[in-house]
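Quick note, the sequences are listed as chains A and B, same order. In the numbering used here, each number is its position in the first sequence, counted from 1, plus 843. In the numbering used here, each number is its position in the second sequence, counted from 1, plus 843. Virtual Cβ for every residue (Gly too), placed ideally from N, Cα, C. Just so it is clear, the structure is predicted and the values come from calculations on it, not from any experiment. Only one structure is covered here, and it is reproduced in the block below.
Number of protein chains: 2
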Amino acid sequence: MMNHPKEPVSDTPCPKSPHLDSVRVDLVRFNILLFDGFETLDACGPAEIAGKAPDRYRLGYYSMRGGVVTSAQKLEACTRPLEEMSPGVLLIPGGEGTRTLVDDAGFIERLRRAALEATVVLTVCTGASLLAKTNLMDGKNATTNKIAFDWVASLNPRVNWIRRGRWVQDGALFSSSGVSAGMDMTLAFIAEDRGVEEAERIAGRIEYLWNRHPDDDPFAIS
Amino acid sequence: MMNHPKEPVSDTPCPKSPHLDSVRVDLVRFNILLFDGFETLDACGPAEIAGKAPDRYRLGYYSMRGGVVTSAQKLEACTRPLEEMSPGVLLIPGGEGTRTLVDDAGFIERLRRAALEATVVLTVCTGASLLAKTNLMDGKNATTNKIAFDWVASLNPRVNWIRRGRWVQDGALFSSSGVSAGMDMTLAFIAEDRGVEEAERIAGRIEYLWNRHPDDDPFAIS
Chain A
844 MMNHPKEPVS DTPCPKSPHL DSVRVDLVRF NILLFDGFET LDACGPAEIA GKAPDRYRLG
904 YYSMRGGVVT SAQKLEACTR PLEEMSPGVL LIPGGEGTRT LVDDAGFIER LRRAALEATV
964 VLTVCTGASL LAKTNLMDGK NATTNKIAFD WVASLNPRVN WIRRGRWVQD GALFSSSGVS
1024 AGMDMTLAFI AEDRGVEEAE RIAGRIEYLW NRHPDDDPFA IS
Chain B
844 MMNHPKEPVS DTPCPKSPHL DSVRVDLVRF NILLFDGFET LDACGPAEIA GKAPDRYRLG
904 YYSMRGGVVT SAQKLEACTR PLEEMSPGVL LIPGGEGTRT LVDDAGFIER LRRAALEATV
964 VLTVCTGASL LAKTNLMDGK NATTNKIAFD WVASLNPRVN WIRRGRWVQD GALFSSSGVS
1024 AGMDMTLAFI AEDRGVEEAE RIAGRIEYLW NRHPDDDPFA IS
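Okay, here's the thing in structure tokens:
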């Protein structure tokens, strides 16, 4: 299991729920799953984008057991345990941590239940490897990181893996190519959820050049 | 001052220094300054990029007093206190937190000392407002977020503010336009530090379409 308990070596604990004081029940949860070895931008790019629509999405960061998890880029993030997560959008980043988590039956089963409850699931990069192992992607179109493509695809051949695609939408499942592609996908999700003008507004606010064509994938390896 | 002490409401404190066990003295410190209300992508985009050159850069996340700081997108990040920071590259993100920090004389003075010790300073978005208040940008060319441009520029008219520019380099000072532009700037810094091939390698690894022309600024407001 991930998130091994850490020694209490600091006086500054993770705050328990500092922004739960102002819950708005009309907000859609935008739940981000973190784990040790998650890729920073896989999670933080989509968080930046969804966070620019605070009247629509309420962001939360979760891990299996809660507490501090460390990204591949050494960012230590506070999380709440998955058991405290209310259903909504579920974003699953990739990163080196997926390499061991795909073989963690307890984690995969817990993820399966969280994904079943979610209204929409977004995977970024090798985050698709984790969802593929739950079998919830069987028969669906999806893509993943292009450098790690063969590894991810080998984990579940019942998924219709799309080799060329910045991102792929199949119903309520959005999956993106590597790292940065998660931002393009998240804008596409927002365009569907709130309209393309809202996606364009957000891209402008963060001065982001949105690659808005899902088939425009300059990093595909043919 | 920022980083008000938080109530110890959780059993999971920030780990003190989990990756200090394997210090390599030949690595360049890539120090990221965080504060309450920092813009997530301003910090995490450059972190993603520098983190893809682990043989060159050692990432660290700092705040005035250390402990947990919360981004504008509700990401709670563990930091170490500035007094523990060793000189190297210093990255200063922007975000809504800058609006009050520009008037925090203690913070600005501490930042001034940190920037004086740094070998290179990178500002993203309204992070330039903080550095401008230290007076260390006086007489230098710099840019900032385009929507907040007039506010930032008003803080210190002795800076030569460049209204059109994805990023601007003036010697060891790099400053970028808003949010996403910090990634383009960080790749430009790496191109100068390690060669353009290394910047291209990293952009490819994270499937990022690098906007490599500093004057190509589609978000400039004329």
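**Message:** For the region 1040-1058 of chain A, list every residue whose C-beta sits within 8 Å of some C-beta in chain B, in sequence order.
**Reply:** Hits within the stretch, in order: 1047, 1048, 1049, 1050, 1051, 1052, 1054.
**Prompt:** residue 1010(B) lies in the beta strand (DSSP E); which residues open and close that run?
**Reply:** The continuous beta strand (DSSP E) containing residue 1010(B) extends over residues 1010-1013.
**Message:** I'd like the span of the beta strand (DSSP E) that includes residue 906(B), first residue to last.
**Reply:** Unbroken beta strand (DSSP E) run through residue 906(B): 900-906.
**Request:** Report all residues from its chain with a CB closer than 7 Å to the CB of residue 1060(A); omit the five preceding and five following residues, and keep chain order.
**Result:** Excluding positions up to five away in sequence, the list reads 1007, 1008, 1009, 1020.
**Item:** Spatial distance of residue 928(B) from residue 905(B) (CA atoms)
**Value:** The straight-line gap from Cα to Cα measures roughly 7 Å.
**Prompt:** Ends of the alpha helix (DSSP H) at residue 924(B)?
**Reply:** Secondary structure note for residue 924(B): it is in no alpha helix (DSSP H), and the uninterrupted beta strand (DSSP E) holding it is 919-924.
**Item:** Inter-stretch contact (C-beta, 8 Å, three-pair minimum) for the region 928-937 of chain B and the region 876-892 of chain B
**Value:** Flag = yes, the region 928-937 of chain B and the region 876-892 of chain B touch.
**Asked** If you scan the region 864-897 of chain A from start to end, which runs of the beta strand (DSSP E) of 3 or more residues do you find wholly inside it?
**Response** Listed in chain order, they are 871-876.
**Request:** Confirm, please, whether the CB-CB distance from residue 1025(A) to residue 869(A) is below 8 Å.
**Result:** Here residue 869(A) is not near residue 1025(A), since their CB atoms are 8 Å or more apart.
**Asked** Quick one, which residues of the region 1017-1036 of chain A are near chain B if we go by CB-CB under 7 Å, in chain order?
**Response** The region 1017-1036 of chain A vs chain B, Cβ under 7 Å: 1020, 1021, 1022, 1023, 1024.
**Nearest residue (CA-CA) to residue 938(A), options 881(A), 964(A), 922(A)** = The shortest C-alpha separation from residue 938(A) is found at 881(A).
**Request:** Tell me, please, whether the CB atom of residue 919(B) is closer than 8 Å to any CB atom in chain A?
**Result:** Chain A places a beta carbon closer than 8 Å to that of residue 919(B), counting this residue as a contact.
**Prompt:** Less than 8 Å separating the beta-carbons of residue 987(B) and residue 961(B)?
**Reply:** In this structure, residue 987(B) lies away from residue 961(B), with their beta-carbon atoms at least 8 Å apart.
**Prompt:** Would you say residue 916(B) reaches chain A, if we count a Cβ-Cβ gap shorter than 8 Å as a contact?
**Reply:** It does; some Cβ of chain A falls within 8 Å.
**Asked** From which residue to which residue does the beta strand (DSSP E) around residue 914(B) run?
**Response** It is not in any beta strand (DSSP E) - residue 914(B) carries neither H nor E in the DSSP assignment.
**Item:** Residue range of the alpha helix (DSSP H) that includes residue 935(A)
**Value:** Here residue 935(A) belongs to no alpha helix (DSSP H); instead the beta strand (DSSP E) covers 932-935.
**Request:** Anything in chain B within Cβ reach of residue 1062(A), meaning under 8 Å, just list it in chain order.
**Result:** The answer, in chain order, is 1047, 1050.
**Message:** Within a Cβ cutoff of 8 Å, which residues of the same chain sit near residue 981(B), ignoring the five residues on either side of it in sequence?
**Reply:** The residues are 999, 1001, 1002.
**Prompt:** By the criterion of Cβ-Cβ separation under 9 Å, what are the contact partners of residue 936(A) in chain B?
**Reply:** What residue 936(A) touches in chain B: nothing, since even the nearest Cβ is about 11 Å away.
**Message:** For the region 981-1013 of chain A, list every residue whose C-beta sits within 8 Å of some C-beta in chain B, in sequence order.
**Reply:** Those residues of the region 981-1013 of chain A that come within reach of chain B (Cβ to Cβ, closer than 8 Å) are 988, 989, 990.
**Asked** Going along chain B, which residues have a C-beta under 9 Å from residue 902(A)?
**Response** For residue 902(A), the C-beta contacts it makes with chain B under 9 Å involve 916, 917, 918, in order along the chain.
**Prompt:** Using a beta-carbon distance below 8 Å, is residue 880(B) in contact with chain A?
**Reply:** Under the Cβ criterion of 8 Å, residue 880(B) is not counted among the residues facing chain A.
**Prompt:** If you run the structure through DSSP and keep just helix, strand and coil, what is residue 1029(B)?
**Reply:** Three-state result, residue 1029(B): helix.
**Prompt:** Any residues in the region 945-976 of chain A with a beta carbon nearer than 7 Å to a beta carbon of chain B? Which ones, in chain order?
**Reply:** Residues: none.
**Asked** What does residue 883(A) reach in chain B if we use C-beta pairs closer than 8 Å?
**Response** Within chain B, the residues near residue 883(A) are 887, 890, 891, 894.
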